[in-house]
Amino acid sequence: MSHSLPILIIGAGPAGLSLALALARQGIPVELFEALPELSQEIRASTFHPPTLEMFAQWGVADDVLAQGHRVERLLYWERQSRELIAEFSYHQIAADTAYPFRLQCPQAVLTRTLKPLVEALPMARVHLDHRLVGMQDYGDYVTAELETARGRVTIQGAYLCGADGANSTVRKTLNLGFEGMTYADRFLLVGCDLDLRPYFPAIGPVNYMYDPEEWVIILHLADIVRVVFRLRPEEEEAEALSEAGIRQRMARFLGQPTDFTLKSSSVYRVHQRVADSFRVGRILLLGDAAHINNPAGGMGMNSGIHDAYYLAQALGAVQQGGPDSLLDAYSNTRRQVALESIRAYSDKNYADLAARDEVYRQQRNAELYAAAADPAQARAYLLRASMMAERV
Ligand SMILES: Cc1cc2nc3c(=O)[nH]c(=O)nc-3n(C[C@H](O)[C@H](O)[C@H](O)COP(=O)(O)OP(=O)(O)OC[C@H]3O[C@@H](n4cnc5c(N)ncnc54)[C@H](O)[C@@H]3O)c2cc1C
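Heads up: the sequence shown runs through residues 75 to 467, numbered per my numbering.
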């Protein structure tokens, strides 16, 4: 019976919309349900790595996405206190490895607004806003989703149900799956502004990581905004940190003097490293933040959710064509291993480097980065890893 039914996707974030696109392009009917009445506006991810852009190209949407973002071809590492530039990596070192040798900076809310109409233009896909999943059942050869809508509850049948419903996933919780890992004591303060940093850091680049044991800083230049991320210490009051006076004081401390800028946005967020016990239970699958969350140092969370969508669409497409059901187990096992071994390890290391206190470790970290940036082969290996392409080395 399942063959004629659509695949149900829960959540219209980057992962859910990517999965809908990838499945519908294969001619597989999909119904995508989003709880909110409009796509989330939250200021979150903004980094798209080369493999993600390659996937967009395979789905025929790369030009649409590239038109919305800002290409970044350099990564810079600094010591915050001394304002010393430790290392600069140029993406031209991986020009032979990918058609997209850069990072695209584009807000996640712009990506989802770009993808939604492209998904809706496909004859096999429908997107339903204001449809919140409240229950689900797996009957062995089909599934049902119970959804709360403005017009009351509806129950929809599907061949499979894919939970792309974010870190607090109802799908994962209904399956009673563990979500083991940890929550960091530090929080991140994200400030959107129009600050010109060139007078303070003449060599400032588009993406900058500034190391400091007390208060590391990340600076990202997007098309029309500068994002500055600060570490918030565990004892800091969130309301005080978010107040305009608090942000202006923090910025003045960072730059050594009060500076004029327009404050455009501010938010505080908690950071976790967690991975679900499995990404598959019967006909129900997990992807994106519903399946795994990591600290954002390195910008891999959203990217890996889109990569999940790519591999899950391949597996579901093959199974719908008569391929073995074990392909879905392989999806679960492989993507879980990537989340545990590759992304967790990399984002943990990035975070440890940002905040390292030990002087010997700091010296060694800086020496290694300097040496890597100075040697083309090492610089290439470094960028392939930072770009989630290391397996191609
Ligand atoms: C401040 C910040 C900065 C970040 N920076 C980066 C970065 O630079 N690079 C990077 O790769 N990652 C980054 N991340 C992580 C990134 O934002 C997430 O990994 C990404 O949003 C995950 O996408 P998703 O589609 O899995 O989930 P989400 O984006 O959370 O989308 C889930 C969707 O499901 C919907 N939903 C939830 N429950 C239900 C329900 N019951 N029924 C129907 N719909 C439901 C939600 O409304 C939402 O629209 C950052 C995160 C934060 C917080």
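Heads up, the beta-carbon is just placed ideally off N, CA and C, and yes, glycines get one too. Remember, it's a predicted structure, so these values are computed and weren't measured experimentally.
Exposure of residue i, with buried meaning 16 or more beta-carbon neighbours within 10 Å
| i | result |
| --- | --- |
| Asn-282 | buried |
| Ser-243 | buried |
| Ser-406 | buried |
| Val-135 | buried |
| Pro-124 | buried |
| Ser-78 | exposed |
| Met-129 | buried |
| Met-210 | buried |
| Met-256 | exposed |
| Pro-181 | buried |
| Ala-365 | buried |
| Glu-311 | exposed |
| Val-412 | buried |
| Ala-313 | exposed |
Inter-residue spacing [alpha-carbon to alpha-carbon] between residue i and residue j
| i | j | result |
| --- | --- | --- |
| Ala-131 | Gly-237 | 24 angstroms |
| Tyr-52 | Ala-98 | A query on residue 52 cannot be resolved here, the shown segment of the chain reaching from 75 to 467 and no further. |
| Arg-206 | Leu-401 | 29 angstroms |
| Gly-87 | Asp-239 | 8 angstroms |
| Trp-152 | Gly-232 | 51 angstroms |
| Val-467 | Ala-170 | Low per-residue confidence applies at Val-467: pLDDT is 43, beneath 50, and the placement is therefore not dependable, though the value from the model is reported in the following sentence. So the two alpha carbons sit approximately 12 angstroms from each other. |
| Ile-358 | Met-376 | 21 angstroms |
| Leu-294 | Gly-101 | 38 angstroms |
| Ile-84 | Gln-115 | 18 angstroms |
| Gly-266 | Phe-304 | 12 angstroms |
| Pro-332 | Gln-323 | 7 angstroms |
| Arg-187 | Leu-127 | 16 angstroms |
| Val-193 | Arg-409 | 24 angstroms |
| Ala-325 | Leu-306 | What sits at residue 325 in the sequence shown is Met, not Ala. If I take the Cα positions, the gap works out to 13 angstroms. |
| Ala-241 | Phe-253 | 10 angstroms |
| Ser-317 | Met-198 | 47 angstroms |
| Ala-419 | Glu-158 | 27 angstroms |
| Pro-398 | Ala-392 | 8 angstroms |
| Gln-438 | Val-217 | 54 angstroms |
| Asp-260 | Gly-396 | 48 angstroms |
| Gln-347 | Ala-464 | 21 angstroms |
| Glu-309 | Leu-271 | 28 angstroms |
| Gly-373 | Ile-299 | 17 angstroms |
| Arg-301 | Gly-330 | 19 angstroms |
| Asp-137 | Phe-335 | 33 angstroms |
| His-144 | Phe-122 | 10 angstroms |
| Ala-183 | Ser-92 | 14 angstroms |
Spatial neighbours of residue i in its chain, beta-carbon cut-off 6 angstroms, leaving aside the 5 residues before and after
| i | result |
| --- | --- |
| Arg-327 | none |
| His-202 | Phe-107 |
| Tyr-343 | Phe-262 |
| Ile-230 | Ala-219 |
| Glu-105 | Pro-80, Leu-82, Arg-200 |
| Asn-440 | Ile-160 |
| Ile-417 | Asn-368, Met-374, Ser-378 |
Presumed contact (8 angstroms Cβ cut-off) between residue i and residue j, rounded CB distance
| i | j | result |
| --- | --- | --- |
| Ile-168 | Leu-457 | 5 angstroms |
| Leu-149 | Ala-460 | 7 angstroms |
| Asn-369 | Tyr-258 | 6 angstroms |
| Phe-275 | Ala-453 | Phe-275 to Ala-453, Cβ: 21 angstroms. No contact. |
| Leu-140 | Leu-113 | About 20 angstroms separates the two Cβ atoms, so there is no contact after all. |
| Leu-414 | Val-345 | About 17 angstroms; that fails the 8 angstroms criterion. |
Member of the options whose CA lies at the smallest distance from the CA of residue i
| i | options | result |
| --- | --- | --- |
| Ala-94 | Leu-269, Arg-177, Tyr-234 | Tyr-234 |
| Leu-120 | Ala-451, Asp-422, Ser-406, Pro-280 | In the sequence as presented, Leu is not what sits at residue 120; that position holds Ser. It is Pro-280 whose Cα lies nearest to the Cα of Ser-120. |
| Gly-214 | Glu-312, Gly-356, Leu-329 | Gly-356 |
| Gly-90 | Val-135, Phe-253, Lys-190, Lys-247 | Lys-190 |
| Pro-103 | Asp-403, Glu-415, Leu-196, Val-434 | Leu-196 |
| Val-146 | Arg-154, Ala-297, Gln-388 | Ala-297 |
| Asp-212 | Trp-133, Arg-354, Leu-264 | Arg-354 |
| Asp-427 | Ala-371, Gly-391, Glu-415 | Ala-371 |
| Ser-341 | Leu-178, Glu-433, Leu-264, Ala-430 | Leu-264 |
| Asp-351 | Gln-394, Arg-272, Asn-250 | Asn-250 |
| Gly-362 | Ile-417, Gln-347, Asp-260, Ser-378 | Ser-378 |
| Ala-429 | Val-291, Tyr-274, Leu-178 | Val-291 |
| Asp-382 | Met-462, Ala-445, Gly-320 | Met-462 |
| Val-245 | Ile-380, Leu-360, Gln-394 | Leu-360 |
| Phe-176 | Tyr-165, Asp-432, Ala-183 | Tyr-165 |
Sequence-distant residues of the same chain with beta carbon closer than 7 angstroms to residue i, five excluded per side
| i | result |
| --- | --- |
| Ser-339 | Ile-117, Gly-266 |
| Glu-289 | Phe-304, Arg-305 |
Ligand 2 heavy atom lying under 7 angstroms from the CB of residue i
| i | result |
| --- | --- |
| Leu-110 | Ligand 2 is not among the ligands present in this structure, which contains only ligand 1. |
Beta-carbon proximity list for residue i, same chain, < 8 angstroms, skipping 5 on both sides
| i | result |
| --- | --- |
| Ala-404 | Ala-389 |
| Asp-204 | Glu-108, Ala-109, Leu-110, Pro-111, Thr-223, Ala-224 |
| Lys-247 | none |
| Gln-155 | Asp-286 |
| Ala-315 | Leu-263, Leu-306, Ile-321, Arg-324, Val-342 |
| Arg-227 | Val-208, Glu-220, Leu-221 |
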